[in-house]
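Quick note on our numbering: the sequence shown kicks off at 15 and runs consecutively. Using N, Cα and C, we set each Cβ at its ideal position, and we do this for glycine too. Keep in mind it's a predicted model, so treat the numbers as computed, not measured. Presented below is the structure to which this report refers.
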Amino acid sequence: MEENKKKFIDFNIDLAQSSDNEDKSFEMIDAVSSVNIACGLHSGNPISMKHAVEHCKFKSKVLGALIGFPDTSTNPSDMTEEEIEAIVLYQLGAISAFAKAYSLNIEHVRPHGAMYELLKDNKDFALKLLNSIKKFNKWFIVYGPSSEHFQQAALDTNMNIAKEFIVNDETSIGDLKKLLEGNIPPDTIHFHCLKDNVKTLVDSVKEFVLARPVNYNNVVSSGWVD
């Protein structure tokens, strides 16, 4: 496909989830336009967070926070609004401190694991999560599933979201092509950077999509730049 006919969509990956896999994850930074850095609660630790930010310092990538639930016996769906707010602020504060130390900024938030899954069909949780993020920074973009509950919660809280499509195998690449053919493009595409075939998957998608950050695409669509 000719380059000028390709779609421009954000590519994102998760970083800093495990010190053992840092090198493999870091190899993928150049292939994407945004990265989500684990904040040390559901996974990762201060050292892995520091290393991730350092590797992004001169890469011109958009930095985001990868947040999740702590590893406890508490049922996430039973957590109170105060508990959700506390774990969200804790994680956003931690990664923002690392970004600030390297003269960088956090621009988006991607929920992880069970937190991401709850956004699909639990509007009450989606409202609590978005309001918690909003308390820290109302300008953050929240990456999440293309679900009615998540989108309605975003409208109710006046928060910006990015509808995500997850590519994890060749079948999902075919599904992505169908979405684009139907003119229903996602705002961002997530790749599991620890999969053995992730480079092949990214290269396959790049045959018909070019990686460009969500905010830049929003500016282009607004008419401010060509």
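Q) Which residue from F150, L224, D183, G54 puts its Cα closest to that of P200? A) Cα-wise, what sits closest to P200 is L224.
Q. Is DSSP giving H206 helix, strand or coil here?
A. DSSP places H206 in coil when its eight states are reduced to three.
Q) So, are the CB atoms of E178 and G196 less than 8 Å apart? A) Cβ distance not < 8 Å, so E178 and G196 don't count as in contact.
Q) For K152, is the classification buried or exposed, using 16 other Cβ atoms within 10 angstroms of its Cβ as the cut-off for buried? A) With fewer than 16 Cβ atoms within 10 Å of its Cβ, K152 is classed as exposed.
Q: Tell me whether A52 is buried or exposed, calling it buried when 16 or more other Cβ atoms sit within 10 Å of its Cβ.
A: So A52 counts as buried.
Q | alpha helix (DSSP H) runs wholly inside the region 17-60, at least 4 long, in chain order | A | Runs found: 36-40.
Q.
With three or more beta-carbon pairs closer than 8 Å as the criterion, would you say the region 39-56 touches the region 104-114?
A. Enough Cβ pairs lie closer than 8 Å, so yes.
Q. If you run the structure through DSSP and keep just helix, strand and coil, what is P199?
A. Coil.
Q: State the Cα-Cα distance for the pair N231 and H122, rounded to the nearest angstrom.
A: When rounded, the separation of the alpha-carbon atoms in N231 and H122 is 14 Å.
(Q) Taking the straight line between their C-alpha atoms, what separation do you get for V76 and I43? (A) When rounded, the separation of the alpha-carbon atoms in V76 and I43 is 11 Å.
Q: Write down every uninterrupted run of the beta strand (DSSP E) in the region 130-217 whose length is 3 residues or greater and which is fully enclosed by it, in chain order.
A: List check, beta strand (DSSP E) in window: 155-159, 174-181, 202-205.
Q) For the candidate residues L190, F154, I175, whose alpha-carbon lies nearest to that of K21? A) Comparing Cα-Cα distances from K21 to each of L190, F154, I175, the minimum goes to L190.
Q: Flag this pair as yes or no: are the beta carbons of F112 and I101 separated by less than 8 Å?
A: Not closer than 8 Å, so no.
**Q.** heavy atom of the ligand GDP below 7 Å from P227 C-beta
**A.** The model depicted lacks the ligand GDP and carries no ligand whatsoever.
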